[in-house]
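K.L.:
Residue numbers (our numbering), protein chains in the order written: chain A, 9 to 236; chain B, 47 to 174.
Note that beta-carbon positions come from the ideal geometry of N, C-alpha and C, so glycine has one too.
What follows is a structure written as structure tokens; I'll ask about it next.
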Amino acid sequence: MIVAERRHLSEILKNIEPYNKVLILGCRGCVAICSTGGDREVKIIATALRIARKRQGKPLITYEATLIRQCDPEYLANLPELMKDAEAVVSLACGVGVNLIADLYPDIRVYPGVDTLFFGANTQLGVWQEKCRGCGDCIIDLTAGLCPIARCPKNLLNGPCGGSQNGKCEVNPENPCIWHLIIERLKARGELDKLNEIWEPKDWRTYLGESPRKRIREDLIKNNKREG
Amino acid sequence: MGKPKIAVLCCNYTNSATYEDFKDFPCEIVIKRFPCSGSIEIVDILKEFEDDAEGVLVCGCEKEKCHNKTGNLRAEKRVLGAKKYLEEIGIDPERAQMAFVPRLDTGAFVETVKDFVEKILNKDEDKK
Numbered sequence: 009m010i011v012a013e014r015r016h017l018s019e020i021l022k023n024i025e026p027y028n029k030v031l032i033l034g035c036r037g038c039v040a041i042c043s044t045g046g047d048r049e050v051k052i053i054a055t056a057l058r059i060a061r062k063r064q065g066k067p068l069i070t071y072e073a074t075l076i077r078q079c080d081p082e083y084l085a086n087l088p089e090l091m092k093d094a095e096a097v098v099s100l101a102c103g104v105g106v107n108l109i110a111d112l113y114p115d116i117r118v119y120p121g122v123d124t125l126f127f128g129a130n131t132q133l134g135v136w137q138e139k140c141r142g143c144g145d146c147i148i149d150l151t152a153g154l155c156p157i158a159r160c161p162k163n164l165l166n167g168p169c170g171g172s173q174n175g176k177c178e179v180n181p182e183n184p185c186i187w188h189l190i191i192e193r194l195k196a197r198g199e200l201d202k203l204n205e206i207w208e209p210k211d212w213r214t215y216l217g218e219s220p221r222k223r224i225r226e227d228l229i230k231n232n233k234r235e236g
Numbered sequence: 047m048g049k050p051k052i053a054v055l056c057c058n059y060t061n062s063a064t065y066e067d068f069k070d071f072p073c074e075i076v077i078k079r080f081p082c083s084g085s086i087e088i089v090d091i092l093k094e095f096e097d098d099a100e101g102v103l104v105c106g107c108e109k110e111k112c113h114n115k116t117g118n119l120r121a122e123k124r125v126l127g128a129k130k131y132l133e134e135i136g137i138d139p140e141r142a143q144m145a146f147v148p149r150l151d152t153g154a155f156v157e158t159v160k161d162f163v164e165k166i167l168n169k170d171e172d173k174k
């Protein structure tokens, strides 16, 4: 999932300072799963903002809504209706949702309520860890499913850097050295010789070279009723 | 100016106190009962501050005595969560507290509320 973190209330308050009526808009996708921007957080943040503004002597009226997804135009279709009485929207979706609102509704003032962090897994209650960087050229078939792009702070592709100690990363000793894990795992499977193969150079254009990236499936476009 | 307001959000099974038990308190006590303290949300705590409470006490059953196993521990986490928001708003996070009280012991409950009220009123006194 896309993992996000709530912004400090002072940052949100600064953005909505000129407004008296604001829509707090949640998303039931990734940000709800990572307890940052779902129905529950919409209620909490709306209430917290109202308290803060009341204390500033500038009462705030909030409207609250949570969409199934903010990264899909279909679910954003009724946003103008939700915005009927509001002057601005604080979106608790990831940056994708905020951008799509800005793209589709240039007249709506939209502000992020969260910082979008990474693609990660919920490894234990209250803990999310980055597992994928979305580089567009997966090599995890060669590394026992463990990604050195996302999980090595140096993004090394040719083994451990030499600074790891007792299987721990030298940059952050709380983390395992991912190359240590890759090698141990391949060794246990009797597949260590995989690392002797010469890999093709990694194609970084899929990550950095063609921004913003786009994925197209011609078959879906052709059958798309909205287009047809 | 009226009496300061203190909100107590509690598990229904922690006490059978009535407003009569708090009639001599130097503040207005508002008690809200929940089926279990585990169902008390962060927003419930914040709403009390929005409604001008000077402090909010969340009361759950003693540890390992929760009828729903971990409802009281969940409540404790929610209080911690609420404190974070209060801090960011500029409200002393100590104004929200969790207390674990014996089940159906109204006397202990009233004493716990009394202690909390004293702490909050002292804060208000310091503020002046």
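Pick from A/C42, A/T151, A/I69, A/L125: whose alpha carbon is nearest that of A/Q132?
P.N.:
By one-based count along the first sequence, residue 132 of chain A stands at place 124. If we check each option's Cα against that of A/Q132, A/C42 comes out closest.
K.L.:
Tell me whether B/D172 sits in a helix, a strand or coil according to DSSP, three-state version.
P.N.:
Counting from 1 along the second sequence, the entry for residue 172 of chain B is found at position 126. Residue state, collapsed to three classes: helix.
K.L.:
Spatial neighbours of A/N180 within its chain, please: C-beta separation below 8 Å, excluding the five flanking residues on both sides.
P.N.:
Locating residue 180 of chain A in the first sequence gives position 172, where the first residue counts as 1. Result list for A/N180: P161, in chain order.
K.L.:
Can a CB atom of chain A be found closer than 8 Å to the CB of B/E74?
P.N.:
Counting from one through the second sequence, the residue named residue 74 of chain B turns up at place 28. No, its Cβ sits nowhere closer than 8 Å to a Cβ of chain A.
K.L.:
Nearest-angstrom Cα distance between A/V135 and B/A63?
P.N.:
Locating residue 135 of chain A in the first sequence gives position 127, where the first residue counts as 1. Locating residue 63 of chain B in the second sequence gives position 17, where the first residue counts as 1. A/V135 and B/A63: Cα-Cα distance of roughly 39 Å.
K.L.:
Checking contacts by CB at 8 Å: is A/R48 closer than that to chain B?
P.N.:
The residue you call residue 48 of chain A lines up with position 40 of the first sequence. It does: the Cβ of A/R48 has a partner Cβ on chain B nearer than 8 Å.
K.L.:
Of the choices A/V39, A/T55, A/I229, whose alpha-carbon is the least far from that of A/A129?
P.N.:
Your numbering for residue 129 of chain A matches position 121 in the first sequence. Among A/V39, A/T55, A/I229, the Cα nearest to that of A/A129 is on A/V39.
K.L.:
Would you mind working out which of B/F68, B/L119, B/C112, B/V125 sits nearest B/E94, comparing C-alpha positions?
P.N.:
Translated into positions along the second sequence, residue 94 of chain B becomes position 48. It is B/V125 whose Cα lies nearest to the Cα of B/E94.
K.L.:
So within the stretch 88-113 of chain A, which uninterrupted alpha helix (DSSP H) runs reach at least 4 residues, ignoring any that extend past its ends?
P.N.:
Listed in chain order, they are 103-112.
K.L.:
What are the uninterrupted segments assigned as beta strand (DSSP E) that are 3 or more residues long and contained completely in the stretch 29-89 of chain A, given in chain order?
P.N.:
29-35, 69-75
K.L.:
Can you check whether the CB of A/L57 is closer than 8 Å to the CB of A/T74?
P.N.:
Along the first sequence, read from residue 1 onward, the residue named residue 74 of chain A stands at position 66. Along the first sequence, read from residue 1 onward, the residue named residue 57 of chain A stands at position 49. Contact: no.
K.L.:
Which word fits B/A145, buried or exposed, when buried means at least 16 other C-beta atoms lie within 10 angstroms of its C-beta?
P.N.:
For this step, residue 145 of chain B is matched to residue 99 along the second sequence. It is buried - the Cβ of B/A145 has at least 16 other Cβ atoms within 10 Å.
K.L.:
At what residues does the beta strand (DSSP E) containing A/G128 begin and finish?
P.N.:
Within the first sequence, residue 128 of chain A is the residue found at index 120, counting from 1. Residues 122-132.
K.L.:
State buried or exposed for A/P220, treating a residue as buried only when at least 16 other CB atoms are found within 10 Å of its CB.
P.N.:
Locating residue 220 of chain A in the first sequence gives position 212, counting from the first residue. That one is exposed.
K.L.:
When you compare only the Cα positions, how much space is there between B/N114 and A/L194?
P.N.:
Taking the first residue of the second sequence as position 1, residue 114 of chain B is located at position 68. Taking the first residue of the first sequence as position 1, residue 194 of chain A is located at position 186. When rounded, the distance between both Cα atoms is 45 Å.
K.L.:
Determine contact between the stretch 13-23 of chain A and the stretch 45-56 of chain A, defined as no fewer than three beta-carbon pairs at a distance below 8 Å.
P.N.:
These segments touch.
K.L.:
Residues in its own chain within less than 8 Å of B/T158 by CB, not counting five upstream and five downstream?
P.N.:
Counting from 1 along the second sequence, the entry for residue 158 of chain B is found at position 112. So the list reads L103, C105, A145, V147, once near-sequence residues are dropped.
K.L.:
Looking only at DSSP bridge pairs, what is A/P184 linked to?
P.N.:
Locating residue 184 of chain A in the first sequence gives position 176, where the first residue counts as 1. In the DSSP output, where bridge partners are listed per residue, A/P184 has A/K176.
K.L.:
Just the C-alpha distance for A/G236 and A/R225, rounded to the nearest angstrom, thanks.
P.N.:
To locate residue 236 of chain A, count along the first sequence from 1; it is residue 228. To locate residue 225 of chain A, count along the first sequence from 1; it is residue 217. Because A/G236 sits at a pLDDT of 37, beneath the cut-off of 50, its placement in the model cannot be relied upon, and the following sentence gives the value as read from the coordinates. Distance between the alpha carbons of A/G236 and A/R225: 15 Å.
K.L.:
Which chain A residues are close to B/K93, counting only those with a beta carbon under 7 Å from its beta carbon?
P.N.:
Taking the first residue of the second sequence as position 1, residue 93 of chain B is located at position 47. Simply T55.
K.L.:
Give me the DSSP bridge partner(s) of A/R14.
P.N.:
On the first sequence, position 6 is the one that residue 14 of chain A refers to. BP columns for A/R14 point to A/V122.
K.L.:
Using three-state DSSP, classify B/K129 as helix, strand or coil.
P.N.:
Translated into positions along the second sequence, residue 129 of chain B becomes position 83. Helix.
K.L.:
Starting from B/K78, follow the beta strand (DSSP E) in both directions and report where the run begins and ends.
P.N.:
Position 32 of the second sequence, counted from the start, is the residue given in the question as residue 78 of chain B. Start and end: 74-80.
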